[in-house]
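Residues 1 to 524 in full-length UniProt numbering are what the sequence shown lists, from first letter to last.
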Amino acid sequence: MSFRTIGIDLGTTNSVVATIDRDGVPRILTSEEGETTTPSMISVIEQQGRQNLAVGAEARRLANHHPQDTIFAVKRLIGRRFDEPDVRRLSVALPYRISCAPNGDAWVTASSTTMSPPEVSALILQEMRGVAERFFGEPVGEAIITVPAYFDNQQRQATKDAAEIAGLKVRRLLNEPTAAALGYGAHLGESRRIAVCDLGGGTFDVSIVNVESGVFEVISTHGDAFLGGDDFDRTIVGQLVGEVWAEYGIDLGTDASALHMLKAEAQAAKHALTNSEDVNIELRSLGSLPSGKPLDFRRSISRRELEQWTEPLVNRLEPPCLEALAHCGLEPGDVGAVILVGGMTRMPAVQRRLAKIFGRQPLKVENPEEIVAVGAAIQCAVLEGGVDGVVLLDVTSRPLALSVEGGPARQVIPRNATIPTREHRIITTAHDNQRELSFDVYEVQDGLPVKNRHLGRFVCSDLPPAPAGEIVLLVEFTIDFDGILRVTTTELGSGAHPTLRLVATAGLTRADVKRLAKSLAPQR
Numbered sequence: 001m002s003f004r005t006i007g008i009d010l011g012t013t014n015s016v017v018a019t020i021d022r023d024g025v026p027r028i029l030t031s032e033e034g035e036t037t038t039p040s041m042i043s044v045i046e047q048q049g050r051q052n053l054a055v056g057a058e059a060r061r062l063a064n065h066h067p068q069d070t071i072f073a074v075k076r077l078i079g080r081r082f083d084e085p086d087v088r089r090l091s092v093a094l095p096y097r098i099s100c101a102p103n104g105d106a107w108v109t110a111s112s113t114t115m116s117p118p119e120v121s122a123l124i125l126q127e128m129r130g131v132a133e134r135f136f137g138e139p140v141g142e143a144i145i146t147v148p149a150y151f152d153n154q155q156r157q158a159t160k161d162a163a164e165i166a167g168l169k170v171r172r173l174l175n176e177p178t179a180a181a182l183g184y185g186a187h188l189g190e191s192r193r194i195a196v197c198d199l200g201g202g203t204f205d206v207s208i209v210n211v212e213s214g215v216f217e218v219i220s221t222h223g224d225a226f227l228g229g230d231d232f233d234r235t236i237v238g239q240l241v242g243e244v245w246a247e248y249g250i251d252l253g254t255d256a257s258a259l260h261m262l263k264a265e266a267q268a269a270k271h272a273l274t275n276s277e278d279v280n281i282e283l284r285s286l287g288s289l290p291s292g293k294p295l296d297f298r299r300s301i302s303r304r305e306l307e308q309w310t311e312p313l314v315n316r317l318e319p320p321c322l323e324a325l326a327h328c329g330l331e332p333g334d335v336g337a338v339i340l341v342g343g344m345t346r347m348p349a350v351q352r353r354l355a356k357i358f359g360r361q362p363l364k365v366e367n368p369e370e371i372v373a374v375g376a377a378i379q380c381a382v383l384e385g386g387v388d389g390v391v392l393l394d395v396t397s398r399p400l401a402l403s404v405e406g407g408p409a410r411q412v413i414p415r416n417a418t419i420p421t422r423e424h425r426i427i428t429t430a431h432d433n434q435r436e437l438s439f440d441v442y443e444v445q446d447g448l449p450v451k452n453r454h455l456g457r458f459v460c461s462d463l464p465p466a467p468a469g470e471i472v473l474l475v476e477f478t479i480d481f482d483g484i485l486r487v488t489t490t491e492l493g494s495g496a497h498p499t500l501r502l503v504a505t506a507g508l509t510r511a512d513v514k515r516l517a518k519s520l521a522p523q524r
């Protein structure tokens with residue numbers, strides 16, 4: 001049986017699915033509600049002893065009455081550890097519970113059901129697959145899925161796990177800014193160097209891309225993995241919670257229902273202030289006054305107030321842009337065009353700041369929420385031979401470092417290396433008759449050793465007895481097209497491949513993924 005391939009933008013707030021029609025034109029597929037975007041949300045509601053699952057638009061509706069049982073923005077948690085500072089800060093701001101899995105990962109709970117982020121993402125991917133299958137009238141088995149350029153190895157692997165659980169084979173994990181560049185410029189006739197600034201619901205990425213004769217070469221990328229529209233919403237909510245406390249003495253900070261109402265109103269106000277100078281918000285029965293009467297909260301918010309509240313977030317746009325330029329030896333004036341991607345780039349303050357950083361007015365994409373999925377669909381057609389003359393060259397977003405037997409971490413693969421890439425290092429035993437040799441692999445965060453992200457400890461075992469230094473191992477590091485690391489070892493004396501096991505790792509095991517895929521299969 002042949003399967004269709006689709007492009008999916010698996011977003012923090014919303015997800016989009018696209019394809020290329022028979023005329024070679026990208027097409028965004030619509031949900032049963034007629035929408036081009038699907039909320040990246042699930043609800044698990046317990047009723048009469050049964051747990052009912054809702055995904056997408058239905059989950060968004062249920063969130064009004066069941067905020068604690070509705071999971072959203074799980075993309076911010078996928079591939080992350082519970083003890084990470086960003087996760088801990090997020091855990092106090094969400095209506096649902098974030099817990100520590102046995103292996104230290106961050107998991108989520110809706111109703112009485114605890115799930116890993118890849119499970120939640122799988123349900124969203126399954127929903128997007130269903131949108132495509134209703135359109136085609138036949139099975140969809142493969143997809144190109146976009147991820148933030150600044151996603152690390154564990155986040156990328158967790159996204160692939162989610163796809164496998166959903167019954168999708170990943171043809172490629174495609175960086176979102178790269179997809180946007182392809183979606184915007186696949187038919188550009190002239191050569192240009194562009195900066196793609198992607199500010200979505202949860203992350204900010206900036207990539208510098210050379211476009212020439214159908215070749216899209218990413219030469220540098222940087223980002224902020226915890227800067228997006230969700231942070232702007234929470235800033236507005238925090239401001240309003242503080243005002244209610246100051247005026248009425250009512251603490252809404254632990255009231256899940258009130259926080260959900262405030263978040264929905266904050267989003268609506270933020271969107272309205274894109275085109276208006278002020279907006280009125282009104283929330284009925286937000287809480288209870290000391291007299292027992294319901295609190296009806298009314299307020300006018302001006303664009304100026306919104307920009308004052310969120311100025312610290314807008315300020316965070318600048319460092320990734322300057323870092324991306326610096327890493328490829330460019331100045332802002334060396335960029336010929338700035339492309340804005342992601343719903344948050346509609347905000348005037350964001351547009352002004354990016355214009356100031358690059359010294360030119362950005363080009364506004366007509367539908368910034370959809371262009372990433374369009375690029376993914378075009379890449380599908382490229383891989384299937386339906387589009388000629390387009391080549392993508394992407395890069396690693398972080399350096400890779402190696403530490404042997406607890407020694408200092410030394411760089412193996414630099415930042416912005418074109419992928420796929422391969423490097424090797426030679427390591428040797430330090431003791432006579434040493435039967436095991438361990439090494440640790442890290443992704444270097446912001447160039448600071450203290451921020452190195454531990455990808456895992458690899459242990460080579462069953463080494464033959466020999467004097468110290470006589471066992472020489474070639475360790476090969478390969479980063480594939482998806483930006484995911486593979487490690488192999490070879491004993492140079494014999495050519496044998498010693499037993500290599502990975503310990504102290506995170507994420508789902510292969511057995512977990514297969515079990516979850518099997519359990520979800522009857523629902524497809």
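Don't be surprised by glycine CBs; every beta carbon is placed ideally from N, CA and C. Predicted, not measured: the structure shown is a model, and the values here were computed from it.
Identify whether residue i lies in helix, strand or coil by the three-state DSSP scheme.
| i | result |
| --- | --- |
| H454 | strand |
| S2 | In this prediction, S2 has a pLDDT of 46, which is less than 50 and means its spatial position is unreliable; nothing more can be read from the coordinates. |
| T38 | strand |
| L289 | coil |
| E46 | strand |
| R352 | helix |
| F481 | coil |
| N52 | strand |
| C328 | coil |
| P26 | strand |
| D152 | coil |
| D296 | strand |
What's the call for residue i, buried or exposed, on a 16-neighbour Cβ count within 10 Å?
| i | result |
| --- | --- |
| L426 | Going by the sequence as given, residue 426 is Ile instead of Leu. When all chains shown are included, I426 counts as exposed. |
| P399 | buried |
| F297 | buried |
| E164 | buried |
| S291 | exposed |
| Q47 | exposed |
| L90 | buried |
| residue 528 | This structure does not reach residue 528, given that the chain is present from 1 up to 524, and the question cannot be answered. |
| V503 | exposed |
| A511 | exposed |
| K293 | exposed |
Have a look at residue i and residue j and give me their C-alpha separation to the nearest angstrom.
| i | j | result |
| --- | --- | --- |
| L77 | V87 | 7 angstroms |
| E307 | M347 | 9 angstroms |
| V391 | D334 | 23 angstroms |
| P498 | V412 | 21 angstroms |
| L199 | D23 | 31 angstroms |
| P148 | S276 | 30 angstroms |
| residue 533 | P85 | The structure shown does not extend to residue 533, since the chain spans only 1 to 524, so no value can be given for it. |
| R61 | L259 | 15 angstroms |
| V237 | E423 | 47 angstroms |
| R410 | R453 | 13 angstroms |
| A326 | L53 | 47 angstroms |
| L313 | E470 | 55 angstroms |
| L354 | P320 | 11 angstroms |
| M1 | S116 | Here the model assigns M1 a pLDDT of 36, short of 50, so the residue's position is not dependable and the matter cannot be decided. |
| V279 | F358 | 31 angstroms |
| I250 | Q239 | 14 angstroms |
| K270 | T235 | 11 angstroms |
| S397 | S285 | 47 angstroms |
| S519 | Q157 | 20 angstroms |
Along the chain, where does the beta strand (DSSP E) containing residue i start, and where does it finish?
| i | result |
| --- | --- |
| A18 | N14 to I20 |
| Y442 | L437 to Q445 |
| R172 | K169 to N175 |
| L393 | V391 to V395 |
| N210 | F204 to E212 |
Is the beta carbon of residue j closer than 8 angstroms to that of residue i?
| i | j | result |
| --- | --- | --- |
| F220 | C328 | Before going further, note that residue 220 is Ser rather than Phe in the sequence given. Yes. |
| T509 | L500 | no |
| D9 | A373 | yes |
| G342 | P368 | yes |
| L437 | L485 | no |
| V444 | L402 | no |
| Y96 | I71 | yes |
| G7 | A143 | yes |
| G167 | A521 | yes |
Under DSSP, the alpha helix (DSSP H) around residue i begins and ends at which residues?
| i | result |
| --- | --- |
| Q126 | P117 to F136 |
| L500 | Element bounds for L500: not the alpha helix (DSSP H) but the beta strand (DSSP E), T499 to V503. |
Under 8 angstroms between C-beta atoms, does residue i make it to chain B?
| i | result |
| --- | --- |
| S288 | Given the protein chain composition of this structure (a single chain), no chain B is represented. |
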